[in-house]
Amino acid sequence: MTFLKKTAFTALAFFSMTAPAHAVIDYSFGPAPAYANYLTTFDSIPVGTHSGTFSMPAGSFTLTSHSHIVQGSAPTYAKPYQDNTRYASINTNGSITFNLSHNMHYMGLLWGSVDTYNALDFYRNGVLLGSVTGAQIIAAAGLIAGNQGAFGTVYTNITSEWMFNKVVARSSNIAFEFDDVRFSTVPLPAALPMFASLVLGGGLMGRRRRKALAAA
């Protein structure tokens, strides 16, 4: 292994071991960025499915007994605005868990109608990094809670300061509806290149110092 590879590995290992219990998680609103390259829809899953684990480009996701694949609207769920395809709906105390095959920095989803009791929890190796709630999205996007029209649905782009490899979508009431889920390994946190440069610079200085001592 070359010195440069060793240094890069050291930097990445440092960040993996020192990830904080609560990362900075930012969100903005549609459209999805070009780098969001892992797209998951629910169109291939039969309507009415309420349990099981299913593969997706970024890994797999698991439905609990209180989550369903649905289409259209009914008394216990409402489709995201103008979404006529199949989507996921989570009922009271239900959840859907996304287990990711890569460490990700980005998640996007068509969220609607957004309710205050919806939430997304982001994990890294079993450690909760932070959450995004429906109440936060409603306030930031200027939505109306539970609105089944244009003022209740938004494509939400979420970026975490620290990489995550599991996301749990949950709801404490009826319902959390979403579709067109995207993940991406980019963008890298701004601190990582800076830290890698510092480690590399420190390593090169130490190497030069050892050579100077050997030549003395």
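Start counting the sequence shown at 4; every next residue gets the next number (the working numbering). Glycine included, C-beta positions come from ideal geometry on N, C-alpha and C. Values in this document were obtained by computation on a predicted structure and should not be read as measured data.
Give me, in chain order, the residues of the same chain whose beta-carbon lies closer than 6 Å to that of residue i; leave out the 5 immediate sequence neighbours on both sides.
i	result
serine 175	Tyr120
glycine 33	Tyr158
serine 70	Ile93, Gly97 and Ile99
glycine 111	Ala35, Ala39, Asn160 and Arg185
valine 171	Ser98, Thr100 and Asp124
glycine 149	Ser116 and Asp118
threonine 56	Ser63 and Thr65
aspartate 29	Thr162
alanine 144	Phe32 and Val157
serine 54	Leu66 and Ser68
Considering only the alpha carbon of each residue, which of the options lies closest to residue i?
i	options	result
phenylalanine 181	Gly137, Gly145, Ile147 and Ala39	Gly137
aspartate 183	Val157, Val171, Phe167 and Arg173	Val157
alanine 122	Leu103, His108 and Arg173	Arg173
serine 104	Thr188, Gln139, Gly55 and Ala61	Ala61
aspartate 108	Gln85, Ile48 and Gly133	Per the sequence shown, the amino acid found at residue 108 is histidine instead of aspartate. Of the candidates Gln85, Ile48 and Gly133, the one whose C-alpha sits nearest the C-alpha of histidine 108 is Gly133.
leucine 131	Leu113, Phe167, Tyr41 and Ile48	Phe167
tryptophan 114	Tyr126, Gln139 and Asn102	Gln139
Using the Cβ count rule (16 or more neighbours within 10 Å means buried), how would you classify residue i?
i	result
asparagine 128	exposed
asparagine 160	buried
isoleucine 147	exposed
serine 68	exposed
valine 189	exposed
phenylalanine 77	The question names phenylalanine, yet the displayed sequence has alanine at residue 77. So alanine 77 counts as exposed.
serine 58	exposed
Which same chain residues, not among the five before or five after residue i, have their C-beta less than 8 Å away from its C-beta?
i	result
glycine 51	His71, Ile72 and Val73
Residue i to residue j, Cα distance in whole Å?
i	j	result
asparagine 87	threonine 79	17 Å
phenylalanine 44	proline 83	Here residue 44 turns out to be threonine, not phenylalanine, going by the sequence shown. Each residue's alpha carbon lies about 13 Å from the other.
glycine 155	asparagine 106	30 Å
glutamine 85	isoleucine 141	19 Å
serine 187	proline 49	26 Å
alanine 153	leucine 42	23 Å
glycine 75	glutamine 151	12 Å
alanine 37	valine 135	22 Å
lysine 169	tyrosine 126	5 Å
Considering only DSSP beta bridges, list what residue i is partnered with.
i	result
leucine 244	There is no way to answer for residue 244, as the model of the chain reaches only from 4 to 219.
serine 98	Arg173
glutamate 180	Ser92
glycine 115	Thr156
isoleucine 28	Ser163
serine 70	Ile93
asparagine 106	Bridge partners of asparagine 106: none, in fact.
aspartate 124	Ser134 and Val171
glycine 51	Glycine 51 pairs with nothing; no bridge assigned.
tyrosine 84	According to DSSP, tyrosine 84 bridges with nothing at all.
threonine 56	Thr65
alanine 77	Tyr80
To which residues of the same chain is residue i closer than 7 Å at the C-beta, ignoring the five residues directly before and after it?
i	result
aspartate 46	Thr88 and Arg89
threonine 178	The residue you asked about is not threonine; residue 178 is alanine in the sequence shown. Excluding residues within five positions, the ones whose Cβ falls inside 7 Å are Thr79, Tyr80, Ser92, Ile93 and Asn94.
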